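Step one of this worksheet: look at the structure below.
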Amino acid sequence: MQRFLIALILWVVATPLVAAQSYLNLQVDNDLYFRTDFYYSSGIFVDYGYALPQAKKDTCGLKTYAGWKLGQEIYTPSRRYSTDLSRYDYPYSGYLFVQHQREILWPGQQGVKFGVQLGISGKASMAQSLQNLYHRLVLKLPELAWLAAQPQRLHAGFLGSYYKGWSLAKEVVLLQKIHTELTTHRIGAGGQVGLLLGTAPPVPYQDFLLQQNRRSWAIYIGTRQEYRWHDFPIAGSLFDDTAPFVLESNRYRHGFEAGLILNYPKWRLVGIYHSNSKDVDSQRLRRHKYLNLTITRFL
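Structure representation (structure tokens):
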């Protein structure tokens, strides 16, 4: 909650300073809604995006956007107060990053997104201090052990995705997204497939947000399939073996997603339920559930 309030204050203060045809987006992932607080424990992301001016020559209907994202992710084991490493089913890890992306949307309900990312793991990610502050001040719980956490490392790399939608019937759209990530923090590729039922524009994946600033609604149901070749929060660095505690991560992962999308001329509200397969075989629970809540302000 502390991180949420800090991000919200910055978001509100920055609002008068941004240009027209732009948006501010606050996204919070957390599993506390299901009375758990481990594995992918939380994520908070703040985006600012804006439309790029179109070239004077014919652009074949292309719409281009650019944006920046600041994010933090936190990962913890289920026995998060224990100091016995033999009981851990997931390493402690934190990641703080900044990302710049470009988006290109063209007629036919399809588009691409690509970007670069720079981040840092370990103590400099502020994951341990902020999570323990939240536990101590808000939840009135003891501080987490944060024993043998993943080390402090600088990370960088590239991300890309391709999106496509097909109208199957009135207010029914089949969606597909293929994505890849090639960074020192995570290497993988995967896809999402789902149905969008309602009047909202067919882009529920937090992409092309400026296309959604009109009154509409939708229910989304889908699945996510992914092959993750390397995962720093679990397996440590590709370039050294100095991490004090690592596990072998599952490369194939899958998840179920369902939620509600509400769009308004100035606001967008999203709530998506996620149920994911195991990241590592040692996880005590078969699936991990968390809720994504997103609020967007169109400027």
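For the sequence shown, my numbering assigns the number 1152 to the initial residue and increments by one for each residue that follows. No residue lacks a Cβ here, since even glycine has one placed at the ideal position from N, Cα and C. All of these numbers come straight from a predicted model, not from anything done at the bench.
Below 8 angstroms on the Cβ atoms is my guess for residue i versus residue j; work out the distance and round it to an integer in Å.
i: W1398; j: A1409; result: The sequence given here places Leu at residue 1398; Trp does not occur at that position. Rounded, the Cβ-Cβ distance is 29 angstroms, inconsistent with contact.
i: S1312; j: V1263; result: 7 angstroms
i: F1383; j: S1272; result: 7 angstroms
i: G1406; j: R1375; result: 4 angstroms
i: Q1357; j: T1215; result: At roughly 17 angstroms, the Cβ-Cβ gap does not stay under 8 angstroms, so Q1357 and T1215 are not in contact.
i: G1270; j: L1247; result: 6 angstroms
i: K1440; j: F1265; result: Going by Cβ atoms, the distance from K1440 to F1265 rounds to 30 angstroms, so no, they are not a contact pair.
i: Q1434; j: Y1243; result: With a Cβ gap of about 14 angstroms, Q1434 and Y1243 do not count as contacting.
i: G1373; j: L1346; result: 7 angstroms
i: A1202; j: L1361; result: 6 angstroms
i: L1389; j: N1181; result: No, L1389 and N1181 are not in contact; Cβ-Cβ is about 29 angstroms, not under 8 angstroms.
In the DSSP assignment, the beta strand (DSSP E) including residue i goes from what residue to what residue?
i: L1305; result: L1305 to A1320
i: N1176; result: S1173 to N1181
i: Y1241; result: No beta strand (DSSP E) contains Y1241, which DSSP labels as neither H nor E.
i: A1409; result: Y1403 to N1414
i: A1340; result: R1337 to G1349
i: R1419; result: W1418 to N1427
i: A1217; result: K1214 to T1227
i: V1263; result: Q1261 to S1272
i: K1328; result: V1323 to T1334
i: L1506; result: With the chain running from 1152 to 1450 in the structure shown, residue 1506 is simply not present.
Buried or exposed: which applies to residue i, given that a residue is buried once 16 or more other Cβ atoms fall within 10 Å of its Cβ?
i: K1220; result: buried
i: V1452; result: Because the chain is modelled from 1152 through 1450, residue 1452 falls outside the range shown and cannot be assessed.
i: H1251; result: exposed
i: G1222; result: buried
i: G1259; result: exposed
i: F1449; result: buried
i: D1391; result: exposed
i: T1227; result: buried
i: K1328; result: buried
i: A1320; result: exposed
i: Q1205; result: exposed
i: L1288; result: exposed
i: R1238; result: exposed
i: S1400; result: buried
Determine the closest residue to residue i out of the options, with distance taken between C-alpha atoms.
i: H1330; options: A1320, S1318, D1391 and Y1314; result: Y1314
i: W1257; options: I1423, R1438, V1354 and P1416; result: V1354
i: F1196; options: V1179, Y1184, R1186 and C1211; result: V1179
i: W1380; options: R1230, Q1205, G1341 and W1418; result: G1341
i: H1286; options: Q1252, S1193 and R1365; result: S1193
i: T1447; options: L1436, L1290, L1413 and Q1434; result: L1413
i: Q1172; options: F1359, Y1191 and C1211; result: F1359
i: R1402; options: R1337, G1259, T1234 and D1182; result: R1337
i: D1188; options: R1230, Y1201 and A1202; result: R1230
i: T1393; options: N1176, R1304 and I1370; result: R1304
i: L1177; options: Q1205, Y1199 and D1240; result: Y1199
i: G1339; options: E1377, Y1226 and K1417; result: E1377
i: S1233; options: V1289, P1293 and K1417; result: P1293
i: I1370; options: P1204, D1235, L1290 and Y1424; result: Y1424
i: K1274; options: E1224, K1417 and N1443; result: E1224
i: P1416; options: F1309, G1245, L1442 and Q1363; result: Q1363
i: W1317; options: Q1261, Q1205, L1203 and L1295; result: Q1261
i: A1296; options: D1235, L1442 and S1367; result: D1235
i: W1418; options: D1432, R1365, E1254 and P1395; result: R1365
i: L1290; options: L1183, R1404, Y1174 and L1175; result: L1183
i: H1306; options: Y1174, S1400 and G1245; result: G1245
i: G1308; options: D1432, P1395 and V1249; result: V1249
The alpha helix (DSSP H) that contains residue i, what's its start and end?
i: A1202; result: Counting along the chain, A1202 falls outside any alpha helix (DSSP H), though it belongs to the beta strand (DSSP E) covering Y1190 to A1202.
i: Y1285; result: A1278 to L1288
i: A1394; result: Premise fails: A1394 is in no alpha helix (DSSP H) and is neither H nor E.
i: A1386; result: F1383 to A1386
Considering only heavy atoms of the ligand MG, does any lie closer than 8 angstroms to the CB of residue i?
i: A1300; result: By its list of ligands, the structure shown contains no ligand whatsoever, and the ligand MG lies outside what it can speak to.
| task | Examine the Cβ distances between the stretch 1316-1327 and the stretch 1276-1288 and report whether three or more of them are shorter than 8 angstroms. | result | no
| task | Please confirm if the stretch 1289-1303 is in contact with the stretch 1349-1357, defined as three or more CB-CB distances below 8 angstroms between the two stretches. | result | no
| field | At least 3 beta-carbon pairs within less than 8 angstroms: the stretch 1426-1436 vs the stretch 1332-1343 | value | no
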